[in-house]
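Asker: Convert by adding 30 to the 1-based position in the first sequence; the result is the number in the working numbering. Take this structure first; my questions come after.
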Amino acid sequence: MKIDDLGCWRRTHYSAEIRPELDGKEVILLGWVRDLRDLGGIRFIILQDREGTVQITVPRNVIDDQTLKKTELLQRQYCIGVKGVVRAIEKAPRGAEVIPKSIRILGVAKQPLPIDITGRTPADIDVRLDARVLDLRRDESQAIFRIRHKILEATRRFLSEKGFIEVHTPKIIASATEGGAALFPIAYFEREAFLAQSPQLYKEQLTICFEKVFEIGPTFRAEKSHTRRHLTEFISIDIEEAFATAEDVMKIAEELMCHVCKVVKENCQRELKVLKHTVEVPGLPFKRIPYDEVIRELKEEKFEIEWGEDIPTAAYRILGRIHPYFYFITEWPTSLKPFYIKPKDENPEVSEGFDLMWHWIEIASGGTRIHNKELLIKRLKEQGLHPESFKYHLKTFDYGMPPHAGWAIGLERLVMMHTGRKNIREVVLYPRDRFRLTP
RNA sequence: GCCCUGGUAGUAUAGUCCGGCCCAGUAUAGGCGGCUGUCACCCGCCUGACCCGGGUUCAAAUCCCGGCCAGGGCGCCA
31 MKIDDLGCWR
41 RTHYSAEIRP
51 ELDGKEVILL
61 GWVRDLRDLG
71 GIRFIILQDR
81 EGTVQITVPR
91 NVIDDQTLKK
101 TELLQRQYCI
111 GVKGVVRAIE
121 KAPRGAEVIP
131 KSIRILGVAK
141 QPLPIDITGR
151 TPADIDVRLD
161 ARVLDLRRDE
171 SQAIFRIRHK
181 ILEATRRFLS
191 EKGFIEVHTP
201 KIIASATEGG
211 AALFPIAYFE
221 REAFLAQSPQ
231 LYKEQLTICF
241 EKVFEIGPTF
251 RAEKSHTRRH
261 LTEFISIDIE
271 EAFATAEDVM
281 KIAEELMCHV
291 CKVVKENCQR
301 ELKVLKHTVE
311 VPGLPFKRIP
321 YDEVIRELKE
331 EKFEIEWGED
341 IPTAAYRILG
351 RIHPYFYFIT
361 EWPTSLKPFY
371 IKPKDENPEV
381 SEGFDLMWHW
391 IEIASGGTRI
401 HNKELLIKRL
411 KEQGLHPESF
421 KYHLKTFDYG
431 MPPHAGWAIG
441 LERLVMMHTG
451 RKNIREVVLY
461 PRDRFRLTP
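So, in structure tokens, the structure goes:
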């Protein structure tokens, strides 16, 4: 089919702006056909744009032949322009509709579409992800990604106002240095390189120069995890602050959570309604539960864990039932935390690391960092890592490393929390997991 | 890596347990026709599917074996 040029047409109004008060006004709408209802003598076209939908009404005996013919060609998801006149009428959705004078078909869509863009006929997540752009037309998808945007906007503003400077650290790194999570190796010209699993070491170094930094960026984990809360590529919100301890940055974390909840609750009512979800603003401060106490609580629930053991998923689910909102788990055994987390001076078996939990899901993890070079080297060795491969990082400890602390929040888990989605893939535009690499 | 469950039109499902009544039913999408106030419009007609390979059987969507794919869980995961 021959498609039309946009020509000099520019949008005068978004769909949501078509109201009875505009009665008689000529408007130009640009968007996509979401649905069609042909009653013979009258035809209804539901036009969707980024702000919503509006009804285009085509009464046969009023419209000129050429425009009428054009409306006969329309199909779901065709990209169109409509020049027409607003008519206030109670029978129309929102009390107003547009009677077209002229229609331009700007893009066509092959039928039948792989999924129902109105969302009435449900599709499995796998099918939806294969046709992601169509899936993103659905109201729920729109709501999720608008909330995600709000969360990011609120987080950036909050941290900036607290004096943090936004930085970007490399995602291509030279060696698999951190231990722990597996890295993705990549071909970097004639050498091997890796995708960064975290900005951890860089953000620590940058406290020397900027004192308070934050980064919102991608991180990569080559774990073979296959659950509803794991991805191989996700966005991490990281902060690092000089002259601070775990307790200082925990305060920032809880204030941020509180702030974000408030922003979402106040600004995303429409989206939350679409998602049939509510957000409660938590009270401050959040509970701080030492690891020892967690072990005790679990024991009361008949879940035995030896001191020094990690907490398995089943146990987290129990904790989520006992503490059904935000809480910190503090004073973790040093052996369970990465090498850069500071052991307590008076009891080195216990660390100044913490996790921020929401129900049973880990939202963030952080702590006071080691800023003493000798201790850091000792801890590296204890974790079976080679100080030689941390040469460049360790060198910065000769350049006046301040005492510092920080944390990292998994953005997607935060978005899941605010949207009530149970599958992390729902809140990422193009998710990457163990098995999905396209689209 | 391990465990469980599943794979039927574009999409979502019924049928599978207990083989035959299924050249596979329904909804929605799609095609054609009709209809001037729909808003999951309606009505009529039509198109379209048993994941792949092997086996058992007179007979397989249905039972068995292998593979592939998917979903969920566990482990792994600062």
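Every residue, glycine too, gets a C-beta built ideally from N, C-alpha and C. Note that this is a predicted model, so its numbers are computed, not measured.
Taking 9 Å as the cut-off, decide whether the C-beta atoms of Lys295 and Val309 are in contact.
Answerer: Translated into the one-based positions of the first sequence, residue 295 becomes position 265. Translated into the one-based positions of the first sequence, residue 309 becomes position 279. Closer than 9 Å, so yes.
Asker: Tell me which same chain residues have a C-beta within less than 8 Å of the C-beta of Asp34, skipping the five on either side of it?
Answerer: As a working mapping, residue 34 is identified with position 4 in the first sequence. Excluding positions up to five away in sequence, the list reads Gly111, Arg134, Ile135, Leu136.
Asker: Taking the alpha-carbon of Glu245 as reference, which of Phe188, Glu330, Lys99 has the nearest alpha-carbon?
Answerer: The count along the first sequence starts at 1 and reaches residue 245 at position 215. It is Phe188.
Asker: As an exercise, report each continuous beta strand (DSSP E) stretch of at least 3 residues that is fully enclosed by the segment 130-203, in chain order.
Answerer: Counting only runs of 3 or more, we get nothing.
Asker: Determine the burial state of Phe465: buried for a count of at least 16 other Cβ atoms within 10 Å of its Cβ, exposed for fewer.
Answerer: The residue labelled residue 465 in the question sits at position 435 within the first sequence. By the 10 Å Cβ count, Phe465 comes out exposed.
Asker: Going by CA-CA distance only, name the one from Trp390, Asp160, Leu236, Phe333 that's closest to Met431.
Answerer: Here residue 431 corresponds to residue number 401 of the first sequence, with the count starting at 1. Checked all of Trp390, Asp160, Leu236, Phe333; the closest Cα to Met431 is Leu236.
Asker: Do Gly436 and Glu241 have their CB atoms nearer than 9 Å?
Answerer: Position 406 of the first sequence, counting from 1, holds the residue named residue 436. Position 211 of the first sequence, counting from 1, holds the residue named residue 241. It is not a contact, given that the beta carbons lie outside the stated cut-off.
Asker: For Asp463, tell me which candidate among Phe264, Met447, Ala217 has the shortest Cα-Cα distance.
Answerer: The sequence position of residue 463 within the first sequence is 433, counting from 1. Per the Cα distances, Phe264.
Asker: Quick one: give me the first and last residue of the alpha helix (DSSP H) that Glu404 is part of.
Answerer: Indexing the first sequence from 1 puts residue 404 at position 374. Per DSSP, Glu404 belongs to the alpha helix (DSSP H) from 403-412.
Asker: To the nearest angstrom, how far is the alpha carbon of Gly396 from that of Phe356?
Answerer: Numbered from 1 along the first sequence, position 366 holds the residue referred to as residue 396. Numbered from 1 along the first sequence, position 326 holds the residue referred to as residue 356. Approximately 15 Å, taken between the alpha carbons.
Asker: What ranges does the beta strand (DSSP E) occupy inside the segment 75-124, keeping only unbroken runs of at least 3 residues that lie completely in it?
Answerer: As far as the segment 75-124 is concerned, its whole beta strand (DSSP E) runs of at least 3 residues are 82-89, 109-118.
Asker: Does Asp428 come out as helix, strand or coil in the three-state DSSP assignment?
Answerer: For this step, residue 428 is matched to residue 398 along the first sequence. Asp428: helix per DSSP, three-state reduction.
Asker: Tell me the rounded alpha-carbon separation between Gly82 and Ile267.
Answerer: Counting from 1 along the first sequence, the entry for residue 82 is found at position 52. Counting from 1 along the first sequence, the entry for residue 267 is found at position 237. Using only the alpha carbons, I get a separation of about 31 Å.
Asker: If you run the structure through DSSP and keep just helix, strand and coil, what is Gly61?
Answerer: Within the first sequence, residue 61 is the residue found at index 31, counting from 1. Here Gly61 sits in strand by DSSP.
Asker: Once the 5 residues before and after Met280 are set aside, which same chain residues still bring their CB inside 7 Å of it?
Answerer: Here residue 280 refers to the residue found at position 250 of the first sequence. The residues are Phe358, Phe384.
Asker: Going by alpha carbons, who is nearest to Phe219 out of Pro229, Lys233, Tyr232, Ile202?
Answerer: Here residue 219 refers to the residue found at position 189 when the first sequence is read from its first residue. Phe219 has its Cα closest to that of Ile202, out of Pro229, Lys233, Tyr232, Ile202.
Asker: Could you round the C-beta distance between Lys374 and Ser381 to whole angstroms and report it? I think they count as a contact, below 8 Å.
Answerer: In the first sequence, the residue the question calls residue 374 occupies position 344. In the first sequence, the residue the question calls residue 381 occupies position 351. Indeed they touch by this definition, with Cβ atoms about 7 Å apart.
Asker: I'd like the span of the alpha helix (DSSP H) that includes Asp278, first residue to last.
Answerer: Here residue 278 is taken as the residue at index 248 of the first sequence, counted from 1. 276-297 is the extent of the alpha helix (DSSP H) around Asp278.
Asker: Quick check on Cys298: buried or exposed, where buried means 16 or more other Cβ atoms within 10 Å of its Cβ?
Answerer: One-based indexing of the first sequence puts residue 298 at position 268. Burial call: buried.
Asker: Considering only residues of the same chain and omitting the five flanking positions on each side of Ile348, which have a CB-CB separation below 7 Å?
Answerer: In the first sequence, counting from the first residue as 1, residue 348 sits at position 318. Closer than 7 Å at the Cβ level, and outside the excluded window around Ile348, lie Leu328, Glu331, Phe333.
Asker: Here's a check: name, in chain order, each residue in its chain whose Cβ is nearer than 7 Å to the Cβ of Tyr346, leaving out the five neighbours to either side.
Answerer: One-based indexing of the first sequence puts residue 346 at position 316. Taken in chain order, the residues that qualify are Trp390.
Asker: Express the C-alpha separation of Phe224 and Phe214 in angstroms, rounding to a whole number.
Answerer: Within the first sequence, the letter at position 184 stands for residue 214. Within the first sequence, the letter at position 194 stands for residue 224. Near 5 Å, if we compare the C-alpha coordinates of Phe224 and Phe214.
Asker: By the 10 Å Cβ neighbour count, where 16 or more other Cβ atoms means buried, how is Ile216 classified, buried or exposed?
Answerer: Numbered from its first residue, the first sequence carries residue 216 at position 186. With fewer than 16 other Cβ atoms within 10 Å, it is exposed.
Asker: With contact counted as at least three CB pairs below 8 Å, one residue from each stretch, are the segment 41-52 and the segment 115-134 in contact?
Answerer: Because the criterion of three Cβ pairs below 8 Å is met, the segment 41-52 and the segment 115-134 touch.
Asker: Any idea which residues DSSP pairs Ser395 with across the strands?
Answerer: By one-based count along the first sequence, residue 395 stands at place 365. Paired residue(s): Asp385, Ala438.
Asker: Thinking Ala153 and Ile147 are a contact (beta carbons under 8 Å), I'd like their distance in whole angstroms, please.
Answerer: Taking the first residue of the first sequence as position 1, residue 153 is located at position 123. Taking the first residue of the first sequence as position 1, residue 147 is located at position 117. Actually they are not in contact, since the Cβ atoms of Ala153 and Ile147 sit about 10 Å apart, beyond 8 Å.
Asker: Residues in its own chain within less than 8 Å of Pro200 by CB, not counting five upstream and five downstream?
Answerer: Taking the first sequence and counting its residues from 1, one reaches residue 200 at position 170. Result list for Pro200: Ala226, Tyr232, in chain order.
Asker: Starting from Thr11 and walking both ways along the alpha helix (DSSP H), at which residues does that stretch end?
Answerer: Coverage of the chain is limited to positions 31 through 469, which leaves residue 11 absent and any answer about it impossible.
Asker: Tell me the DSSP bridge mates of Pro373?
Answerer: Position 343 of the first sequence holds residue 373. In DSSP, Pro373 forms a bridge with Ser381.
Asker: Bridge partners of Thr249, per DSSP?
Answerer: As a first step, residue 249 is located in the first sequence; it is residue number 219 there, counting from the start. Thr249 pairs with Phe264.
Asker: On a CA-only basis, which of Cys239, Ile177, His198, Lys292 is nearest Pro248? Give me that one, please.
Answerer: Position 218 of the first sequence, counted from the start, is the residue given in the question as residue 248. Comparing Cα positions, the closest option is His198.
Asker: Would you identify the three-state DSSP class for Phe214, choosing helix, strand or coil?
Answerer: The count along the first sequence starts at 1 and reaches residue 214 at position 184. Three-state result, Phe214: coil.
Asker: Could you please give me the residues that DSSP links to Pro320 through a beta bridge?
Answerer: Translated into the one-based positions of the first sequence, residue 320 becomes position 290. DSSP lists Thr360 as partners of Pro320.
Asker: Run through DSSP, which three-state label would Arg67 get?
Answerer: On the first sequence, position 37 is the one that residue 67 refers to. In this structure, Arg67 counts as strand in the three-state DSSP scheme.
Asker: How big is the Cα-Cα spacing for Leu159 and Arg455?
Answerer: Along the first sequence, one-based indexing puts residue 159 at 129. Along the first sequence, one-based indexing puts residue 455 at 425. Rounded to the nearest angstrom, the two C-alpha atoms are 9 Å apart.
Asker: Between which residues of its own chain and Thr42 is the CB-CB distance below 6 Å, once the five residues before and five after are set aside?
Answerer: Here the question's residue 42 lines up with position 12 in the first sequence. So the qualifying residues of the chain are Val57, Ile58.
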